[in-house]
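Chains as they are written, first to last, in my numbering: chain A, 1 to 597; chain B, 598 to 1186.
See below for the structure under consideration.
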Amino acid sequence: MTQIKMHLLVCGGTGCRSSHSELVAKALNESLANHGLDAEAKVVSTGCFGFCEKGPIVKVVPDNTFYVQVNPDDAEEIVKEHVLKGRKVQRLLYLDPEKEKTVSDDRHMTFYKKQIRIALRNCGFIDPENIDEYIARDGYSALAKCLTEFTPQQVIDIIKKSGLRGRGGGGFPTGLKWEITSRVQADQKYVICNADEGDPGAFMDRSILEGDPHSVIEAMAINGYCTGASKGLVYIRAEYPLAIKRLQIAIDQARKYGLLGENIFGTGFNFDIELRYGAGAFVCGEETALIHSMEGKRGEPTFKPPFPSEHGYLGKPSNVNNVETYANVPVIILKGPEWFASIGTEKSKGTKVFALAGKVNNVGLIEVPMGITLREVIFEIGGGIKGGKEFKAVQTGGPSGGCLTARHLDTPIDYDNLLAAGSMMGSGGMIVMDEDDCMVSIAKFYLEFTVEESCGKCSPCRIGNKRLHEILEKICKGEGTMEDLEKLKNLSQVIKDTSLCGLGQTSPNPVLSTLENFWDEYVEHVVDKKCRAGVCKSLMKYTIDQEACVGCTACARACPVNAISGERKQPHTINQSICIKCGACMEKCKFNAVLLQ
Amino acid sequence: METVKFTIDKKTIEVEKGTTVLNAAKKAGIDIPSLCYFSLDGMKIENKPGGCRVCVVEVEGRRNLAPACATEVTDGMVVRTNSMRVLNARRTVLELILSDHPFDCLVCAKSGNCELQSLAHRMGVREIPYQGAQSTYRKDTSPSIIRDVDKCIMCRRCEMMCNDVQTVGALSAINRGFMAVVAPAFEMNLEKSPCTYCGQCVAVCPTGALTEVDHTRDVISALADPTKTVIVQTAPAVRAALGEEFGLEPGTLVTGKMVTALRELGFDYVFDTDFAADLTIMEEGTELLDRLSRYLNGDKSIKLPILTSCCPAWVNFFEHNFPELKDVPSTARSPQQMFGSIAKSYFAKKLGIDRKDLVVVSIMPCLAKKYECQRDEFKVDGNPDVDFSISTRELANLIKLANIDFNSLPDGDFDHPLGESTGAGVIFGTTGGVIEAAVRTAYELHTKKPLPKITFEELRGLEGLRSATIDFDGLKLNIGIAHGLGNARKLLEDVRDGKSQFHAIEIMACPGGCIGGGGQPLHHGDASILRARQKAIYQEDANKPIRKSHENPYIIKLYEEFLGKPLSEKSHHLLHTHYFDKSTQIIVE
């Protein structure tokens, strides 16, 4: 048996793969072979490390060296220097921007310091396509424990005691949901995993399925044991080909090992999992719409009750949980509910994975304990605002969430606090905005998404969101009135109050929260016809300073629509009715004569 | 009965467990407005997608408002139906719906009968504060139905009718968000879809999104043409419903007034489809006995059950969905077409005019009849046996247009020879009626004995699927009845799988039969109207001096003078038809 002394963990998540991490892995393998080291060091394609800003990432264990932005060309050097001679490649180490020092061990990087990885425990650590590596990390021992040591009710009690709540957005107590499903009598029940991650920019579910698919499979089997379901279904969007591939491999391997199928662990418990593909409709993340889609029907929600726990897939009781929720389960079983409940706040236990994006230095996937503040996330983990600009707002909860401001920075993040602040946890999108972002445009952007993604079943969501979007467009064009702002408020309230499903009940949140927190900016757009961030083009005006203009004609030649006229060596003017506000004139002018108002 | 107690607008009442807030409110004398919700009580037809959100109410302890139509009352629940929060939300939602609706009320076919219009009126909407883009779509005209889905409000009633009740599957929601609308798959034309033209979508559409093709203009032109002799036939179910259009109680029989009105409109002869219904019984009843006796004598080529073929939507349905069974239904044409065929041969000859100068108009409770009369097999040298088929609603419009004060009209009598009918012909208008009429005749022809009792209560009712065994003097005849195409499908599947125990089956496409046809005055979900019409039909039957088709003296005369005997060669030529396989005709463009 060969003795592998060193592992080279190459991030194989979708983010790093888009920067050709698989070529890095290939180059490392070739280099190891060339140097005859392939028996001693092994390249492993793992799931996401989370630090996507600095991808592709290569981590060398056991010495925990964390290389960032690695190119295939760097492979030879890593092998020659690090693997062969034990010398770290300094230029590929992470440079701490504050201390201006390299940090080789990720545990000492500010990005990771405050993170606690439970759901992501195996992401970036194991080969997701190899069940043995999962088993080596106590994989499937939670299932074994449940089947051999606990009754279904005991397992449910453990989950209830842990305080785990649904990570897909709603935050419903997971154990309670399991209990409800378990108590309904039926000849067939289903365990459903909601992998229809739809928030723009969110990719925690994808990362878990790509990096640690077995954790979800194991948790679904545990749920099957608790609820009395023998069939599991994963509803996954077809746009996640890598996640689908790895999940399918994992299911096949689990079947081969007897961890799925009949008579698991010789206990007489039967459970198997199938995949169902979604076409990527946002609304299909809503559980009743998801179930309709799986049944081959139009993906639209129905009124609850009845809840899926009673009347779900094919009319049978179905337990629907999100990927991240399931990923927490095996650890809770193994480490105990007290351990899990010791993390987080009073009503929100454990951790939450966020997709940190926008104007922060460190974008990526992070898992933090509940109760951490937005300030810690944005300024410590996120490394502050890009380009030294000023923090303006942070949007949590995806398109259904709200925009929070500097005064919310010290609010501990949990389900209830975010809701109270006018936003929500959602599935964990977190987008940071700086002074260059126009909040009216941001609200408009999110409305555009919900207008596009509304299924059209109920009138307030179908028509109301369209009207909200139209009013916001009007305001951004400088045609809004104060009456429009009142309309926005009333309409938003009514849409929230009357919509059929979660999509419409939350879609006005970006509007309401920006109205609440950035009222002045709306008024500026409406009354002063001004966009302070300079985003709303209709509110901008390019003019030429007649004193400063020397008549060089550079601007007129740069103008793509011939809006600038003037004699040579005479001051030029811009025809405002033709100008498209592209800013080309301003760029070309060497005399700072083009002014933006 | 398990009950729950709850409070609604400060009134505490007790209702049966499982009752919705909407229905419970009615019991408390509170009329919560609703729009998408639709039900035909006692007929298992219900639409409650909870989509329009007009019926929202405040439920104590609930974060957001709840749709009254889909929320079940629970013990101790406290409901407010008229708080400011509710009233503002409800009105805003309605204003939103109106903001995406064309403002052509003045010229809309549904004006005055539109549920959206009534709601706007009731809620006192005077302006649309949320104006913006409107969703627009291609207008689609088929032989029977016009889809103007700019007016669709996504209530999904038509979809429920087309899929859950009729199992036709021609209409379903397509597109998403603001552009979501109910349409045939891939937005194909209705004509290219498996639509049967039953018109139940039109019957339940709350707005002008689905309406019938209007042929009143054609009828007026024909009446105005001095070179044409224009005759009219009226289907049995029309007389039991037409009065509703003039404010009369549902179930008021207006046969005599209708005849007078038609005469005043200028029809040269006012005839009755009931006459042709009697003729249908002669042909279909004889066919049944013929098939039955050959079957009982061991003729393996004979297939049973025999299925009625009067209903054109039903014919379309099996041509699309069960083409392999197309030799099972009776070959007898529908009464409308038998009438047209006899009128343009026998009667035209009597008048001594060319068939092209004789215009046959039919008044039907039905929209599929518009399509049926345009079928090529019912034309001679391109001239249709029935020129125009108009619905009960269209006739009412014509009468109003001609300044006729319908309610003060004296009763008139049908003309001869094609206006004389029996009670058997009348009951064609309701589910169970065709088969009862057939039994009355077949019994006497088979047993050569008079019927001991003329009515067959066991064949009557409004249950979707019914069956009875009739003793033909020792021969036990198993009879099945289905109305609603979804029920018909169940019987058809049994026939296809060789599991059917029936000798004869009557099928009508519309719930209730022709009384509930797609061309009838709109019932707006009030099932008691259908019951009243059914009662009126049976009353008309009871009033008739002759109640068996084979005793109709003009039918006897018709056979003597012209046809010979039932199933004769001439009958085959004029009164029977054949069916087509339309299963492959669904074309996606």
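Ideal Cβ positions, reconstructed from N, Cα and C, are used throughout, including at glycine.
Since we're looking at a predicted model, the values are computed, not measured.
Using a Cβ-Cβ cut-off of 8 Å, B/L662 is close to D497 and T498 of chain A, given in chain order. In terms of beta-carbon proximity, B/I629 stays away from the interface with chain A, with every pair separated by 8 Å or more. Going by C-alpha positions, A/A136 is about 14 Å away from A/Y257. Short of 7 Å from the beta carbon of A/D436, and not among the five residues preceding or following it, lie these beta carbons of its own chain, in chain order: K389 and A533. Counting the other CB atoms within 10 Å of its CB gives B/P902 a total of 16 or more, which places it among the buried residues.
The Cβ atoms of A/A548 and A/F591 sit closer than 8 Å to each other.
Contact annotation: B/S959 and B/A832 have beta-carbon atoms nearer than 8 Å.
If you ignore the 5 residues before and after B/N1000, its C-beta comes within less than 7 Å of no other C-beta in its own chain. The DSSP-derived three-state label of B/F864 is coil. Between A/R532 and chain B, the shortest Cβ-Cβ separation is not below 8 Å. Judged by pairs of C-beta atoms under 8 Å, the region 964 to 973 of chain B does not touch the region 1006 to 1025 of chain B, as fewer than three such pairs exist. Interface annotation for the region 452 to 464 of chain A against chain B: E452, E453, S454, C455, G456, K457, C458, S459, P460, C461, R462, I463 and G464, criterion Cβ-Cβ distance under 9 Å.
Shown here for B/A621: same chain residues with a beta carbon closer than 8 Å to its own, the five before and five after excluded, namely F603, I605, I610, V612 and V670 in chain order. Ranked by Cα distance from A/S318, the first of A/G478, A/Y190 and A/I413 is A/Y190. DSSP places A/Q153 inside the alpha helix (DSSP H), whose first and last residues are P152 to S162. Nearest neighbour of B/C907 by Cα position, chosen from B/L859, B/R891, B/I950 and B/K966, turns out to be B/K966. Straight-line measurement puts the Cα of B/L922 at about 35 Å from the Cα of B/H1121. Three or more beta-carbon pairs separated by less than 8 Å are not found between the region 1142 to 1151 of chain B and the region 1067 to 1076 of chain B, which leaves the two stretches without contact. B/T1028 is positioned such that its CB atom lies closer than 8 Å to that of B/H1080. Residue contact with chain A for B/T689: present (Cβ-Cβ distance below 8 Å to some residue of chain A). Neighbourhood of B/M751 in chain A, by CB distance below 8 Å: G456, K457, S459 and R462, in chain order.
Contact between A/C403 and A/M439 holds: CB atoms are separated by about 7 Å, below the 8 Å threshold. Under the Cβ distance rule, B/Y734 does not count among the residues neighbouring chain A, no pair being separated by less than 8 Å.
Rounded to whole angstroms, A/G228 and A/D272 show a C-alpha spacing of 12 Å. Annotation for A/K59: L9 and F66 place their beta carbon closer than 6 Å to its own, counting only its chain and skipping 5 residues before and after.
Residues are counted here when their Cβ sits less than 9 Å from a Cβ of chain A; for the region 759 to 781 of chain B these are S769, A770, I771, N772, R773, G774, F775, M776, A777 and V778, given in chain order. In the structure shown, B/T849 adopts coil according to DSSP, grouped into three states.
A residue is called buried when at least 16 other Cβ atoms come within 10 angstroms of its Cβ; B/H1170 does not meet this threshold and is exposed.
A buried status is given to B/F843, since no fewer than 16 other beta-carbon atoms sit within 10 Å of its beta-carbon. Annotated three-state conformation of A/P173 is strand, per DSSP. At least one CB of chain B lies nearer than 8 Å to the CB of A/F303.
A/L488 and B/L998 have their C-alpha atoms roughly 47 Å apart. Taking B/Y1176 as reference, the option from B/N913, B/A800, B/L703 and B/G1058 with the minimal CA-CA separation is B/N913. For A/Q505, the enclosing alpha helix (DSSP H) stretches over residues G502 to T506.
Under the DSSP assignment, A/F49 falls outside any beta strand (DSSP E); it carries neither an H nor an E label.
Between the region 112 to 123 of chain A and the region 234 to 247 of chain A, the count of Cβ pairs shorter than 8 Å is below three; the stretches do not touch.
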